[in-house]
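Reviewing the structure listed below.
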Amino acid sequence: MFRSIVKNIHISTNSTRLTFSIPKKFSRIKSTSTNVYHKSTNPSPILSKLDTPILPRQEINPNISKFVKPITPNDSYVSCTIFDSKGNVTELSRHFPKMNFLREHGLYPRDLRKIDTSIIDIIPSIAVRENCILVNLLHIKALVEANKVLIFDTSDPLSASRLGLFVYDLEAKLKAPNTSGWMQQYEHRALESILINVMSFLEAELQDHLKICGKILSDLENEIDREKLRNLLIKSKALSAFYQKALLIRNVIDDLLENDDDLLGMYLTDRDNGEELLKTDSGEVEMLLEAYYKQCDEFVQQSESLLNDIKSTEEIVNIILDANRNSLMLFELKVTIYTLGFTVATVLPAFYGMNLKNFIEESNLGFGGVMLFSVFIALMVTSKNFKTLRAVQKLTLMNPDTKMAQAKKVYTLPKPKPIVNNDHRFQRVPSLFNRWRFWKKRKCIPTDHGQRDMVWKWLIDEKKK
22 MFRSIVKNIH ISTNSTRLTF SIPKKFSRIK STSTNVYHKS TNPSPILSKL DTPILPRQEI
82 NPNISKFVKP ITPNDSYVSC TIFDSKGNVT ELSRHFPKMN FLREHGLYPR DLRKIDTSII
142 DIIPSIAVRE NCILVNLLHI KALVEANKVL IFDTSDPLSA SRLGLFVYDL EAKLKAPNTS
202 GWMQQYEHRA LESILINVMS FLEAELQDHL KICGKILSDL ENEIDREKLR NLLIKSKALS
262 AFYQKALLIR NVIDDLLEND DDLLGMYLTD RDNGEELLKT DSGEVEMLLE AYYKQCDEFV
322 QQSESLLNDI KSTEEIVNII LDANRNSLML FELKVTIYTL GFTVATVLPA FYGMNLKNFI
382 EESNLGFGGV MLFSVFIALM VTSKNFKTLR AVQKLTLMNP DTKMAQAKKV YTLPKPKPIV
442 NNDHRFQRVP SLFNRWRFWK KRKCIPTDHG QRDMVWKWLI DEKKK
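Here the sequence shown is numbered in my numbering, starting from 22 and rising by one per residue.
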């Protein structure tokens, strides 16, 4: 069995692929019979776990879930992967009793309620405590201290594989040398690595949605297919979930930017060194959060725009389907009208089909007259029905009472004319109809001031009695 030294391990933050360079002497060995093992002069705790064989090819995607495995949830302990102050992984999936863990880090039981091994990660959060920062974003649940980072293990296999990639990225970020002369604090580097990983997954998921949904929308412009509509419904639900997820993450970052106390509380190193911070000293972490807030806001805007395009397409499709449905109904009505015309045309000849004397059999013009009269009746009925149908077709929202009102014989009451002189209204010639009509109505108050004063005086006297 051959063993080779794996050189040039490239770990990319924006990619989920690791690239290995294989020595030339092993390039001709078949992959079906040869196993290549990792070996390094200064192995890290993660690479020391790589005892599984890999195929000798130029670019491979190793199964990261072999290193960060999903665990079984347990109420008595928490499982964490620990990074030290130098960025080295000191322990993988170490179990801590919950009460000891809470006392050691100065936390409350409610703080672990959303950061435990639960696979439910709908509501994100970044909570600043006295000695640490609790982060719950997508698949990453972490506790960041001034000189240590604890990554909580998960019970979801997919999240475990993503968490394995994040562990590599975080190790590279924490071990990165300072080349610019500006030293970023340990907790800020860890937080930035978490935000980079989260934004990378959001961007990759958004690109998938844009590609798939855009293709479906472009196909629907050419042809409305039932299968495409079904796929659009499924993808729109997934896009809505992504939009809600990105919106919640943006709101979490926005809440942090609005809270000056939390921004100052994120300087854990300065607090451990006993330095006093003013409210104006939070510029570094504020710029860090603003950069990723803008990036997350861009994802929210793009997903919202795509959702609006899907809704517009659904409305247009519904309008087209309604128009097609109306066309089918119109065609059915036309067929019914023609059928009614032929039926009316055959009624009169049917009477003459009876074996009874009608004194027209001997007439030379009887057959032609009956036929012409039947055709005339059929054409008249058909024409009348088509005229009514055209009146219904021309019915619009702006003019709903023109031909439709005439077709249905709907009559509206005329508008009442303004009464100039109210006394003239009661001086009409009495009639039975007018007496009945005014008996139903309430009496009007007189408009004359003298009569009005007299009525008020009479009412007051009645109350005194």
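Glycine included, every Cβ here is placed at the ideal spot set by N, Cα and C.
First and last residue of the uninterrupted alpha helix (DSSP H) at residue i
i	result
H209	207-243
E296	It is not in any alpha helix (DSSP H) - E296 carries neither H nor E in the DSSP assignment.
R271	247-279
P370	304-373
DSSP-derived helix/strand/coil call for residue i
i	result
R134	coil
H160	coil
P178	helix
S395	helix
I481	helix
L186	helix
S404	helix
A197	coil
F122	helix
R150	coil
L284	helix
L386	coil
L155	strand
H59	Confidence in H59 is poor, its pLDDT being 38 and thus under 50, which makes the residue's placement unreliable; the coordinate value appears in the next sentence. Coil at H59, not helix or strand.
L410	helix
Cβ-Cβ distance between residue i and residue j below 7 Å
i	j	result
S395	L369	yes
L223	A267	yes
L269	P145	yes
V356	V402	no
L289	E226	no
G127	N95	no
S257	I331	yes
T251	V321	Rather than Thr, the amino acid found at residue 251 in this sequence is Arg. In this structure, V321 does not lie closer than 7 Å to R251 by Cβ.
F104	V165	no
Residue i versus residue j: straight-line alpha-carbon distance, rounded
i	j	result
Y129	A211	23 Å
S404	N347	21 Å
I154	K162	11 Å
I274	Y264	16 Å
Y98	L123	11 Å
L277	K315	14 Å
Q323	V156	25 Å
L361	K415	23 Å
V219	V149	19 Å
L309	H116	32 Å
I215	I237	33 Å
N294	N168	12 Å
E319	H160	21 Å
E382	Y359	30 Å
L393	T409	24 Å
A399	I337	41 Å
D132	D281	21 Å
F363	M375	19 Å
S100	E335	47 Å
V476	E483	11 Å
N329	F187	33 Å
Y189	S114	15 Å
R411	E325	43 Å
N385	N406	34 Å
Residue i: CB within 6 Å of a non-hydrogen atom of the ligand NAD
i	result
F122	Ligands are entirely absent from the displayed structure, and the ligand NAD is therefore not among its contents.
Beta strand (DSSP E) segment containing residue i, residue limits
i	result
R115	110-118
Y98	98-104
L171	170-173
- Looking at C-beta atoms only, is the number of pairs between the stretch 227-237 and the stretch 172-189 that lie closer than 8 Å three or more? no
- Message: Taking contact to mean 3 or more Cβ pairs, one atom from each stretch, closer than 8 Å, check whether the stretch 174-194 and the stretch 251-261 are in contact.
- Response: no
- Task: Decide yes or no for the touch test of the stretch 304-321 against the stretch 181-192: beta carbon pairs closer than 8 Å, at least 3 of them.
- Result: no
- Message: Would the stretch 186-194 count as touching the stretch 106-124 if we require 3 or more Cβ pairs under 8 Å?
- Response: yes
- Message: Closer than 8 Å is the cut-off here; do at least three beta carbon pairs connect the stretch 240-259 with the stretch 335-347?
- Response: yes
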